[in-house]
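Inspection log for the structure reproduced underneath, given as structure tokens.
There are 2 protein chains.
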Amino acid sequence: MAGTTVKRVTAADVARSLGLSRATVGFVLNDTPGQTIPEATRERVLAEAKRLGYRANSAAQALASGRSRIILLVLPDWPLEYSMRSHLDELSLALDEAGYSLVTMTPHPGGQARPLWETLRPDVVLGMTPFDARRLEEIRASGVQHVIPPTPAGAASSADELGFTEGPRLQVEHLLERGRARLAFASSPDPRIADLVAQRRRLTVETLRNRPHAALRAEDAVSVSNATAKVSEWLAAGVDGVVAYNDDIAALVLGAALRAGVRVPEDLAIVGHDDTPLAQLLVPSLSSVRIDSAGLGRYLADLALSAARASAPPTIGPETDAHLVVRETS
Amino acid sequence: MAGTTVKRVTAADVARSLGLSRATVGFVLNDTPGQTIPEATRERVLAEAKRLGYRANSAAQALASGRSRIILLVLPDWPLEYSMRSHLDELSLALDEAGYSLVTMTPHPGGQARPLWETLRPDVVLGMTPFDARRLEEIRASGVQHVIPPTPAGAASSADELGFTEGPRLQVEHLLERGRARLAFASSPDPRIADLVAQRRRLTVETLRNRPHAALRAEDAVSVSNATAKVSEWLAAGVDGVVAYNDDIAALVLGAALRAGVRVPEDLAIVGHDDTPLAQLLVPSLSSVRIDSAGLGRYLADLALSAARASAPPTIGPETDAHLVVRETS
DNA sequence: TATGGTTACTAGCGCGCGCAAGTGCGAAGG
DNA sequence: CCTTCGCACTTGCGCGCGCTAGTAACCATA
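Residue numbers (the numbering used here), protein chains in the order written: chain A, 1255 to 1584; chain B, 1255 to 1584.
Written as structure tokens, this is what we have:
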């Protein structure tokens, strides 16, 4: 077609056009330490590179330097919390400023004959949750030097580390304040998020431990097919408040309650978690826990960059602010 | 095995360990055409490669061959239709089987100093919607040979090409069947999806063109802040059926209607689009258009691969099956 | 026996770049 | 005056791989 720039401009082209050696050009372009380049030359090189439209060939850079400047973020295969998207933007931007590219991937149980950590040879592989031992081994075996989190699932959960532990406490305390005493924890049957569900359930149980007047049913997983049954079970057992694992589960409970003619929140109060857009779309609108993580993305970027550069990791985590958005279901 | 394998195994290692030359090893590993390799040698090489845990260095491959075997999918910066996720899986898998890796990115208006198409040098850049002229130029300028779709936004839309044009017709016809005659098209004010909104609006208008007994209001954008006002406007104008741009907009309309004491569907019927999980969570549950695209991912993969290999593009598009899921709002 | 063709390889270049190890030169120091 | 040093560069190797251009050995003919 028109305007075919088939041949890319290389550093050698820049050097030749300037009557300099390739090395000098390289030194300027990389700010190589230990080299003294007069300002005049430096500027000539930069100007010529720009004029010719020079772009470094990253494959060659990766081959020569051994570092790809790629950071691979492995996303969980369950739907992300709504707010995660903005954190990803923040992360991507912060890495970009440092000259690193963020690539995200979602592993699928069946597939991916050749996972991206082999293809891309990222400097760092970053997971939102700890990797299981087998996958950790797999990633390490493919030559990736830095994996975050570095320990397999089991030990401390990364959700703990990121301080996302306030939600269930807020949900419970709010319901207690509203005068509810017999609560149910509505969990998700999705096996992929079993860890997170278990964590929130545990936190719910712990929060209620010191409240002798309150009771909790904590073993119910709610799905489309059993929501109606669960709601009537609960009502029969005197449950008057539901702590939902997340907003989706809360919506399921709410829907079943409304269809059964149960008044919400009078007969049954419901509190969700994550404050997805869904929460304010429902009628009645859903009370939910919103977690704002100022600088979460930037924090993850610092974590990854410190690993990539073998420098000290950030000392403090991101600021997290969890609060309950009270709406009509409670 | 359980040690720090700092140094990766190269093809030269395999060759040395076998007493062969690097070239022979290369020929076997690449199935290089025009080379005669006895089966015995071929097997020795493959076995030794496996034994040593050889993995090709993709940076070196990219440098030497000039092809990165990476396909970059540029996602829109507005939320994806729910079903897109499974198509992505399908796409990724199909590409993987062909030895290509799929990398996805979402460009952000402000950011990304160095976009991924420069860093990764993908063989193909794939967009879900046409690129605007400026971005198309930008991608081409960075040396990417194949961009899909190859034409800038404006001409034929990719949604057209993919045959996703049935939805609005189904919405309208369903409402007419239900005896509704005065319809409103509820659009989204989000400027990022203006093209898609305009397309669905246009299809709605066209479908109603031949129905002299039906009327349409097509100029209303619904947001959280004006949903209530819009609903009363419509009712005052005698509107009895709403064609929503998507399920989110439909939910907004539904919520406003319920709060205003409007009976749905008796006073106002509502039909959404995309059949997101939201649709069946609402009370009353939302009628919506579901679009199943058998093999959409595989089709996109074929499209990308044919470009990468400079072979003929697939002749027929994916099978798309749009149908209306009738629920309680209509 | 010379000729041609096939088989089973190997030698080695080049992809574009980072960077270590020079090299020539003018100026400062003795 | 000679030596040393810092400056402003250049030469050139190596990263791992794809692939062209051989080459030596072994047939199969004429």
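For every residue, glycine included, the Cβ atom is placed at its ideal position computed from N, Cα and C. Treat the numbers as computed from the prediction; the structure is a model and nothing was measured.
- The beta-bridge partner set that DSSP reports for residue 1495/A consists of 1437/A and 1523/A.
- In the DSSP assignment, residue 1279/A falls within the alpha helix (DSSP H) that extends over 1276-1284.
- By the Cβ-count criterion, residue 1290/B is exposed, with fewer than 16 other Cβ atoms from all chains shown falling within 10 Å of its own Cβ.
- Selection 1440/B, 1389/B, 1431/B and 1265/B evaluated against residue 1467/B yields 1431/B as nearest (Cα-Cα).
- One alpha carbon belongs to residue 1564/A, the other to residue 1265/A, and they sit about 28 angstroms apart.
- In this structure, the alpha-carbon of residue 1390/B lies about 34 angstroms from that of residue 1548/A.
- If you draw a straight line from the Cα of residue 1353/B to the Cα of residue 1324/B, it is about 9 angstroms long.
- Within the same chain, and ignoring the five residues on either side of residue 1536/B in sequence, the residues whose Cβ sits closer than 7 angstroms to its Cβ are 1505 and 1508.
- At least 7 angstroms separates the CB of residue 1294/B from every CB of chain A.
- With respect to chain B, the C-beta atom of residue 1565/A has no partner C-beta closer than 7 angstroms.
- In the structure shown, the three-state DSSP call for residue 1356/A is strand.
- Under the 7 angstroms criterion on CB atoms, residue 1316/B is classed as interfacial with respect to chain A.
- When only Cα atoms are considered, residue 1580/A and residue 1496/A end up about 14 angstroms apart.
- With its beta carbon at least 7 angstroms from every one in chain A, residue 1552/B lies outside the interface.
- Going by C-alpha positions, residue 1313/A is about 14 angstroms away from residue 1377/A.
- In its chain, beyond the 5 residues on either side, 1439, 1441 and 1472 have a beta carbon closer than 7 angstroms to the beta carbon of residue 1455/A.
- In the three-state scheme derived from DSSP, where H, G and I count as helix and E and B as strand, residue 1541/B is classed as strand.
- Using a Cβ-Cβ cut-off of 7 angstroms, residue 1312/A counts as an interface residue toward chain B, since at least one Cβ of chain B sits closer than that to its own.
- Contact check between the region 1355-1374 of chain A and the region 1274-1282 of chain B: fewer than three CB pairs, one atom from each, fall below 8 angstroms, which does not count as touching.
- By the CB criterion at 7 angstroms, residue 1576/A and residue 1525/A fall outside the cutoff.
- Here the region 1559-1573 of chain B does not lie against the region 1509-1528 of chain B, with fewer than 3 beta-carbon pairs under 8 angstroms apart.
- Here DSSP, grouped into helix, strand and coil, assigns residue 1468/A to coil.
- A distance below 7 angstroms separates the beta carbons of residue 1348/A and residue 1552/A.
- Note on the region 1282-1357 of chain B: whole beta strand (DSSP E) runs with a minimum of 3 residues are 1324-1328, in chain order.
- The DSSP-derived three-state label of residue 1381/B is strand.
- The CB of residue 1505/B comes closer than 7 angstroms to the CB of 1535 in chain A, given here in chain order.
- Within chain A, no C-beta atom comes less than 8 angstroms from the C-beta of residue 1482/B; the nearest is roughly 12 angstroms away.
- Residue state for residue 1402/A is assigned as strand, using DSSP reduced to three classes.
- Under the criterion of beta carbons closer than 8 angstroms, residue 1458/B and residue 1450/B do not qualify as touching, at roughly 13 angstroms.
- By the neighbour-count criterion, in which a residue is buried when 16 or more other Cβ atoms sit within 10 angstroms of its Cβ, residue 1570/B is exposed.
- In the three-state DSSP reduction, residue 1560/A falls in the helix class (H, G or I).
- For the 7 angstroms CB-CB criterion, residue 1429/B and residue 1402/B do not form a contact.
- Between residue 1538/B and residue 1583/B, the C-beta gap is smaller than 7 angstroms, which places the two residues in contact.
- 1435/B is the residue among 1294/B, 1288/B, 1435/B and 1461/B whose C-alpha sits nearest the C-alpha of residue 1488/B.
- The DSSP-derived three-state label of residue 1473/A is strand.
- From the beta-carbon of residue 1509/B, the residues of chain A found nearer than 9 angstroms are 1534, 1535, 1536, 1537 and 1539.
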